[in-house]
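A.B. asks: Okay, handing you the structure first.
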Amino acid sequence: MDETVTLLHGFTLNGASWDELVAKMPAGWKWIAPDLRGHGRAPSSPATMDDCAADLMALWNHLGIERSHVVGYSMGGRLALHVAVRLPERTRSVLTIGAHAGLDDEARAKRRQADEALAERIEREGVESFVQHWESLPMFAGIKRRGPDFAAWLHGLRTGNQADGLAASLRGMGAGAMEPLWDELEAIDLPCTFVAGKDDVPFVQAAARLNETVGRSRIRSVAGSGHSVQFEQPDATASILADHLGW
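Here the sequence shown is numbered in the numbering used here, starting from 8 and rising by one per residue.
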């Protein structure tokens with residue numbers, strides 16, 4: 008087997024956040040987990056979906072990869088859908104975790120204001136303070152079940168980012184900035200799996216809408232998990248991903 012899987016992380020994370028999942032996967036796949044704009048060692052700005060898609064195409068070209076499976080979590084899941092729409096000829100399949108394809112106009116406007124407020128908070132208070140706030144959100148509560156060592160590892164990844172990068176990411180890649188993709192997704196002809204934790208109700212609903220929109224798609228709902236399925240239920244996630252890649 009000589010196929011590549013590109014893994015796209017969520018907001019405040021980096022490519023290393025996929026290490027645990029990759030370690031659980033069968034041998035034979037090539038894994039790429041880049042730091043996305045505004046995160047880790049990637050440029051801080053500009054940070055938009057189009058910038059990141061161009062970065063991925065440049066990376067694939069550099070590595071001689073004609074087509075790749077694309078897996079994304081949350082922000083990375085939205086980027087995976089963006090890549091499927093913009094670069095379908097380079098995309099073998101898509102799997103998203105806790106993602107949607109954009110907000111309607113009213114919700115998007117409100118989210119854009121909220122994202123701007125968060126960006127200003129990061130710039131004002133710094134990364135450590137913001138990450139403490141971010142990790143306290145109810146959507147991430149399930150991660151605590153993994154214990155203090157895992158939480159500390161994840162906290163280290165988050166606080167390794169820079170304030171200007173995270174702020175740029177919110178302004179350029181947040182759900183408020185994202186152009187909705189629902190209409191364009193109707194035209195894609197790629198195998199797609201949409202994953203959501205059963206406790207993450209808004210994204211269970213988003214997965215259902217994605218499944219209705221995309222022709223070659225299916226849903227996987229994971230019990231005992233909220234938003235971060237790959238962290239909360241890594242074994243189940245590995246099983247779902249292996250099944251998807253063999254589809």
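Don't be surprised by glycine CBs; every beta carbon is placed ideally from N, CA and C.
1) Three or more C-beta pairs under 8 Å: does that hold for the stretch 22–33 against the stretch 137–155?
2) Determine, using beta-carbon pairs with one atom in the stretch 24–39 and one in the stretch 96–113, whether at least three such pairs fall under 8 Å.
3) List the whole-angstrom C-beta distance separating S232 from Q240, where the pair is believed to meet the contact cut-off of C-beta under 8 Å.
4) In the DSSP assignment, the alpha helix (DSSP H) including H107 goes from what residue to what residue?
5) Is the stretch 209–223 touching the stretch 54–66, taking contact as three or more C-beta pairs under 8 Å?
6) Assign V208 to buried or exposed, taking buried as 16 or more other Cβ atoms, counted over all protein chains shown, within 10 Å of its Cβ.
7) Identify the residues that DSSP records as bridge partners of V229: which are they?
8) Would you check if the distance between the CB atom of G109 and the CB atom of M185 is smaller than 9 Å?
9) Applying the criterion that 16 or more other CB atoms from any shown protein chain within 10 Å of the CB defines a buried residue, is R48 buried or exposed?
10) Rank R44, L177 and A158 by C-alpha distance to the C-alpha of E127 and give the top, closest one.
C.D. replies: Walking through what the data contain:
1) no
2) no
3) Residue mapping note: residue 232 aligns to position 225 of the sequence shown, counting from 1. Residue mapping note: residue 240 aligns to position 233 of the sequence shown, counting from 1. Their Cβ separation, rounded to whole angstroms, is 5 Å, which keeps S232 and Q240 in contact under 8 Å.
4) Along the sequence shown, read from residue 1 onward, the residue named residue 107 stands at position 100. Note, H107: premise wrong, no alpha helix (DSSP H); not H, not E.
5) no
6) As a position in the sequence shown, residue 208 is number 201, starting the count at 1. Answer is exposed; the Cβ neighbour count stays below 16.
7) Taking the first residue of the sequence shown as position 1, residue 229 is located at position 222. Per DSSP, G204.
8) Your numbering for residue 109 matches position 102 in the sequence shown. Your numbering for residue 185 matches position 178 in the sequence shown. The answer is yes: Cβ separation under 9 Å.
9) Your numbering for residue 48 matches position 41 in the sequence shown. The C-beta of R48 has fewer than 16 other C-beta atoms within 10 Å across all chains shown, which makes the residue exposed.
10) The residue you call residue 127 lines up with position 120 of the sequence shown. Comparing Cα-Cα distances from E127 to each of R44, L177 and A158, the minimum goes to L177.
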